[in-house]
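Working notes, structure below.
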Amino acid sequence: MNYHSTRSNLPTTDAAKAVLQGLAPDGGLFVTDRYEDFDWEGTLRLDTLGMAKKILSTLLPEIQNMDSLVEKAYRGKFETDELTPLVSVADRYVLELFRGPTSAFKDVALSMLPQLITASRSQEQVRDEILILTATSGDTGKAALAGFCDVPGTKIIVFYPDAGVSAVQKAQMVTQEGSNVCVCAVRGNFDDTQTGVKKIFAAGVPSDCGVRLSSANSINIGRLAPQVVYYFKAYADLLQQGRICLGDKVDYVVPTGNFGDILAGYLAKRMGLPVGKLVCASNRNDVLTDFLRTGTYDRRRPFYRTISPSMDILVSSNLERLLYLLCEDCDEVAGYMRELNENGCYTVSDALLKKLQDEFSYGCCDDEETKRTIGRVWKENGYLMDTHTAVAWCVAEDQKTDAPVVVLSTASAYKFPAAVLSALGEEVCEDEFEVMRRLNEVTKVPIPKALAELKSKTVRHTDVIDREQMQSYVLGKIDHWN
């Protein structure tokens, strides 16, 4: 299958090389134009791991031994071999994506990506080590660190915004063990961190340093492809429960920051899955809501730190992939990205805006609405959700539809215990681990084991740098590892 940049049709590459590179040479994202002729009906009859094998073999066909890679990635590492249980809550459904090793939705993709990268490295006979550079708004970091920990032939550096993640998210990262891992805080917000990583990719590293760069962010097609699976899984569950008939549309409401999670749903639709509306749910940083409403993407706006920090993003990288998939014009997409880089904004054509609005709906809510949603859903339905899932639930309540509605969850409520406990009307102290204990006492919802053990773990990563220092920091780490 040929992959090419969103900004140029040539040159093309295969899936294994695209996964290894992460970002296209011209700064664009790898895409393919082929999604037809997929047996989506047959795929729905498979179990979860069977779906993963079928879908990933189709999207990444050049990567060999996919069945074995899927087994290594998932078998016995999640709370259930279903990976992502679908739970009925009131008149909607919640797709629980947080049943993996780090209690966040990123586990589905980042358990798989190390397998894809190591397999591609072997196939391509690459002798250099693969250095994974990742910017995280909270959950990607820990999931990537856990996935790549001590994986032969790889190193990983995770950058996160200082004071821009929850205490639990930070503790998960800075206590990470492993001889090949590094974690560093950046003074700034997630967009600063993500921009810094992209600049490092653009500049590259010395050719004789024995290292090649790749990414664990959803700019890497190997990170995005596994996320397609759980849209099929949710649909199959609804079929098995008799809630829908084959071919019925299902709406998906997705808490959205970098646009990868919701874009996976659009890829599922391109592969034939009967997806209805894809609803983009934003917090107070509502740049995507404004874009889908007006057609103008404008990052020149205030940046807010919210209680749903994984969505505190003003530059949504994966949106570039969607623009290409809808207009299929690399020059048009390259022009938009150039305008964004030079002017901080762009406006799509009327034709492209119509296509966007035909496929996507949108909505947003602020912190107070998020808290009210958490409290109300717990009181009325006995279901505890984290701050990001609550954003999606709140937006779902405003959508008018006759189709079943699946809300994609983001993380365990225990990753944001202070905000969740406060939303339940309880007093909150400064010790977030004491808050976690109190949340468990109030709700009786079990604390995930890995989170419960965090308080006793040793802090191993304490570096904090300015965003201008990121490139020199990476080069210094390469020298140290060599």
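Sequential numbering from 10 applies to the sequence shown in my numbering.
Positions of the beta carbon are idealized from the N, C-alpha and C atoms, including for glycine.
Measuring straight from C-alpha to C-alpha, what distance separates residue i and residue j?
i: P264; j: K115; result: 13 Å
i: T22; j: N11; result: 6 Å
i: P123; j: K208; result: 23 Å
i: K364; j: R469; result: 48 Å
i: D185; j: A172; result: It should be pointed out that residue 185 corresponds to Gln in this sequence rather than to Asp. In a straight line, the C-alpha of Q185 is about 18 Å away from that of A172.
i: D200; j: V386; result: 32 Å
i: M445; j: V177; result: 9 Å
i: V206; j: I322; result: 15 Å
i: S319; j: R309; result: 19 Å
i: F312; j: M479; result: 21 Å
i: N449; j: K466; result: 20 Å
i: I316; j: N294; result: 11 Å
i: S175; j: G353; result: 28 Å
i: A82; j: G150; result: 17 Å
i: K486; j: C191; result: 9 Å
i: E50; j: Y244; result: 11 Å
i: V103; j: L95; result: 6 Å
Using 10 angstroms around the beta-carbon of residue i, count the other beta-carbons present and answer buried if the total reaches 16, otherwise exposed.
i: H397; result: buried
i: A360; result: exposed
i: L297; result: buried
i: D260; result: buried
i: S188; result: exposed
i: R54; result: exposed
i: H13; result: buried
i: P457; result: buried
i: A180; result: buried
i: V473; result: exposed
i: Q366; result: exposed
i: V183; result: buried
i: D407; result: exposed
i: E441; result: buried
i: Q250; result: exposed
i: E105; result: buried
i: G492; result: Past the edges of the chain, shown from 10 to 491, lies residue 492, and the structure says nothing about it.
i: P455; result: exposed
i: N292; result: buried
With a threshold of 6 Å on Cβ separation, who are the neighbours of residue i within its own chain once the five nearest residues in sequence on each side are excluded?
i: C403; result: C374, E378, T382
i: L38; result: T15, I228, E329, R330
i: N226; result: T143
i: M75; result: K62, L65, S66
Based on DSSP bridge pairs, tell me the residues matched to residue i.
i: I139; result: T163, R221
i: Y306; result: Y355
i: D19; result: Checking the sequence shown, residue 19 turns out to be Leu, not Asp. DSSP lists no partner for L19.
i: V288; result: V262, S370
i: V190; result: I165
i: S97; result: Y102
i: F39; result: S14
i: R314; result: BP columns for R314 are empty, so no partner.
i: V195; result: P170, I474
Under 7 Å Cβ to Cβ from residue i, same chain only, skipping five residues before and after it: list those, please.
i: A25; result: E71, I72, S129, Q132, E133
i: K63; result: T52, L55
i: Y9; result: This structure leaves residue 9 out entirely; the chain is present only between 10 and 491.
i: F138; result: In the sequence under discussion, the amino acid at residue 138 is Glu, which differs from the Phe named in the question. Same-chain partners within the cutoff: G162, T163, K164, G219, V220.
i: A277; result: V237, Y240, F241, V284
Using a Cβ-Cβ cutoff of less than 8 Å, which residues in the same chain neighbour residue i once the five nearest sequence positions on both sides are dropped?
i: A211; result: G36
i: E389; result: A99
Consider the C-beta atom of residue i and the heavy atoms of the ligand PLP; say whether any pair is separated by less than 7 Å.
i: C191; result: Questions concerning the ligand PLP fall outside what the structure shown contains, since it holds no ligand whatsoever.
Please list the segments of the alpha helix (DSSP H) lying wholly inside the stretch 44–88, counting only runs of 4 or more residues, in order along the chain.
-> Those alpha helix (DSSP H) runs which fall completely within the stretch 44–88 and span 4+ residues are 49–52, 57–68, 75–83.
What alpha helix (DSSP H) runs, 4 residues minimum, are completely inside the stretch 348–433?
-> Entirely contained in the stretch 348–433, the alpha helix (DSSP H) runs reaching 4 residues are, in chain order, 359–368, 376–390, 396–406, 426–432.
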